[in-house]
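Q:
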Amino acid sequence: MTVVDAPVTAEAAPRSRPRLPGSLGALPLGAWILFFFILPFGLVVWYSFGYKPGIYSTHANDILSLDRYSEAASPTFLAIFVRTLKIAATGTVLCLLIAFPMAYWMAQKLTSKWRGVVLALVLIPYWTNFLVRTIGWQISLSPTGFVSEILQWAHLTDDQLHVLYTSAAVQLGVVYNYLPLMILPLYVALERLDPQLLEASRDLGGTAWSTFWHVTFPLAVPGVTAGLLLVFVPLMGDYITPTVLGGASGSMVGQMVAAQFQSAQNWALGSAMAVLLMMAIFGTSAVVGGVLKVLGRIMTALTSLSLSTKETS
Numbered sequence: 561m562t563v564v565d566a567p568v569t570a571e572a573a574p575r576s577r578p579r580l581p582g583s584l585g586a587l588p589l590g591a592w593i594l595f596f597f598i599l600p601f602g603l604v605v606w607y608s609f610g611y612k613p614g615i616y617s618t619h620a621n622d623i624l625s626l627d628r629y630s631e632a633a634s635p636t637f638l639a640i641f642v643r644t645l646k647i648a649a650t651g652t653v654l655c656l657l658i659a660f661p662m663a664y665w666m667a668q669k670l671t672s673k674w675r676g677v678v679l680a681l682v683l684i685p686y687w688t689n690f691l692v693r694t695i696g697w698q699i700s701l702s703p704t705g706f707v708s709e710i711l712q713w714a715h716l717t718d719d720q721l722h723v724l725y726t727s728a729a730v731q732l733g734v735v736y737n738y739l740p741l742m743i744l745p746l747y748v749a750l751e752r753l754d755p756q757l758l759e760a761s762r763d764l765g766g767t768a769w770s771t772f773w774h775v776t777f778p779l780a781v782p783g784v785t786a787g788l789l790l791v792f793v794p795l796m797g798d799y800i801t802p803t804v805l806g807g808a809s810g811s812m813v814g815q816m817v818a819a820q821f822q823s824a825q826n827w828a829l830g831s832a833m834a835v836l837l838m839m840a841i842f843g844t845s846a847v848v849g850g851v852l853k854v855l856g857r858i859m860t861a862l863t864s865l866s867l868s869t870k871e872t873s
């Protein structure tokens, strides 16, 4: 009896989907960066070397010079720049101090059901226009606004509140407007924090304070860095908040730049001011980012040293 082997048929190999090369996949991102960052920034730098030829002209670049930079670095500009840097630094730190405990509570204490609800409440202000939100604070902080009326009703002050059109009003406005930009990256970073790491720190005898500095904060440094950049960079160039809430005593550099482009029609001087502002922003961001990176490494090293010491003891 002969056994005949059945013919073996090879299975058809699954057809692979065509994939775009890596360079083609990066084209949309590259086009976005080129047309909405590099080219505008290049035009601003180019205009800063020009001048205003006449009353009815905005700029000319047939004669290039650095005169606009020396004109931009006037005592008035430097004084307002120092005020802007102070408001931006204070506002960024206040946003961090307010956002960190709130983001930790959202990420570690709330259940998954309520996290989405609270996160939506944080994002609700961004469903309205930036200018509308700021005007709301202008109405609230006016001498006849509800804040003044509440303080007088509670007998905390006998006179009307005169905080509008001051640096304090601008400070309050920027913290309110940019606080969600600090909460979101901190929430993302703290949500990824493994609770077992916190339990291990407590089991090894770590206090709540030492657990925060040696475990929680080093793991949250990427979120802190992202939040600082998301708040500090746009805050330095903000001109809507100081225009609505600050008046003359709370003016910022963004107002000076906008005034040169809009009312004065001196694009060359406005571009020079904008370049100086961007250079200051890039320099400050690089320094703060480097400090946070070094601080994170120090915290991680101290954590490893502390754990090894406790294990040997």
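Throughout the sequence shown, residue numbering follows the numbering used here, covering 561 to 873 in sequence. Note that the Cβ used here is the ideal one computed from N, Cα and C, for glycine as well.
List the residues that DSSP assigns as beta-bridge partners of Y611.
A: What you label residue 611 is simply residue 51 of the sequence shown in a count that begins at 1. Partner(s): A620.
Q: Comparing alpha-carbon positions, which option in W827, T844 and V730 lies nearest Y629?
A: Numbered from 1 along the sequence shown, position 69 holds the residue referred to as residue 629. Closest option to Y629, Cα to Cα, is W827.
Q: Please list, in chain order, all residues of the same chain as F821 whose beta carbon is under 7 angstroms from its beta carbon, the five residues on each side excluded.
A: Taking the sequence shown and counting its residues from 1, the one referred to as residue 821 is at position 261. W827 and G830, listed in sequence order.
Q: Given a cut-off of 8 angstroms on the beta-carbon distance, is the pair V775 and L757 in contact?
A: As a position in the sequence shown, residue 775 is number 215, starting the count at 1. As a position in the sequence shown, residue 757 is number 197, starting the count at 1. Yes. Within cutoff.
Q: For L724, which residues from the same chain have a beta carbon less than 6 angstroms from its beta carbon, with the 5 sequence-adjacent residues on both sides left out?
A: In the sequence shown, residue 724 corresponds to position 164, counting from 1. For L724, where only same-chain residues beyond five positions count, the Cβ hits under 6 angstroms are L701 and S702.
Q: Can you give me the C-alpha to C-alpha distance between V730 and L584, rounded to a whole angstrom?
A: As a first step, residue 730 must be located in the sequence shown, where it is residue number 170. As a first step, residue 584 must be located in the sequence shown, where it is residue number 24. If you take the alpha carbons of V730 and L584, they lie about 45 angstroms apart.
Q: In its own chain, which residues sit with a C-beta less than 7 angstroms from the C-beta of V678, not counting the 5 before and 5 after it?
A: Mapped onto the sequence shown, residue 678 falls at position 118. M666 and L670.
Q: Could you check the C-alpha separation between V804 and L837 for me, to the nearest Å?
A: Numbered from its first residue, the sequence shown carries residue 804 at position 244. Numbered from its first residue, the sequence shown carries residue 837 at position 277. Distance between the alpha carbons of V804 and L837: 21 angstroms.
Q: Return helix, strand or coil for G814, following the three-state DSSP convention.
A: Translated into positions along the sequence shown, residue 814 becomes position 254. In this structure, G814 counts as helix in the three-state DSSP scheme.
Q: Rounded to the nearest angstrom, how far is the Cβ of I640 from that of S809, given a contact under 8 angstroms?
A: Residue mapping note: residue 640 aligns to position 80 of the sequence shown, counting from 1. Residue mapping note: residue 809 aligns to position 249 of the sequence shown, counting from 1. Contact doesn't hold; Cβ gap of about 11 angstroms is too wide.
Q: Please state whether the Cβ-Cβ distance between L739 and A659 is less than 8 angstroms.
A: For the purposes of this step, residue 739 is identified with residue 179 of the sequence shown, where counting begins at 1. For the purposes of this step, residue 659 is identified with residue 99 of the sequence shown, where counting begins at 1. It is a contact, given that the beta carbons lie within the stated cut-off.
Q: Would you kindly check if the distance between the Cβ of M839 and the Cβ of M816 is under 8 angstroms?
A: Position 256 of the sequence shown, counted from the start, is the residue given in the question as residue 816. Position 279 of the sequence shown, counted from the start, is the residue given in the question as residue 839. For M816 and M839, no; Cβs fall outside 8 angstroms.
Q: For I623, which residues from the same chain have a beta carbon less than 8 angstroms from its beta carbon, with the 5 sequence-adjacent residues on both sides left out?
A: In the sequence shown, residue 623 corresponds to position 63, counting from 1. The residues are G610 and Y611.
Q: Return the residue from the list Y607, L744 and L587 that minimises the CA-CA distance to A780.
A: Position 220 of the sequence shown, counted from the first residue, corresponds to residue 780. If we check each option's Cα against that of A780, L744 comes out closest.
Q: Is M561 buried or exposed, if buried means 16 or more other CB atoms sit within 10 Å of its CB?
A: As a first step, residue 561 must be located in the sequence shown, where it is residue number 1. At M561, the pLDDT of 47 sits below 50, so the modelled position is not reliable; the number obtained from the coordinates is stated separately. That one is exposed.
Q: In angstroms, rounded to a whole number, what distance separates the CA positions of D627 and A633?
A: Taking the sequence shown and counting its residues from 1, the one referred to as residue 627 is at position 67. Taking the sequence shown and counting its residues from 1, the one referred to as residue 633 is at position 73. So the two alpha carbons sit approximately 10 angstroms from each other.
Q: Under 8 angstroms, do S845 and V813 count as touching if we go by C-beta distance?
A: Your numbering for residue 845 matches position 285 in the sequence shown. Your numbering for residue 813 matches position 253 in the sequence shown. Their beta carbons are not under 8 angstroms apart, which means S845 does not touch V813 by this criterion.
Q: Using a 10 Å radius around the Cβ and a threshold of 16 neighbouring Cβ atoms, would you call R857 buried or exposed?
A: The residue labelled residue 857 in the question sits at position 297 within the sequence shown. Answer is exposed; the Cβ neighbour count stays below 16.
Q: Given this structure, state the Cα-to-Cα distance separating D754 from C655, to the nearest angstrom.
A: Reading the sequence shown from its first residue, position 194 is the one you call residue 754. Reading the sequence shown from its first residue, position 95 is the one you call residue 655. When rounded, the distance between both Cα atoms is 25 angstroms.
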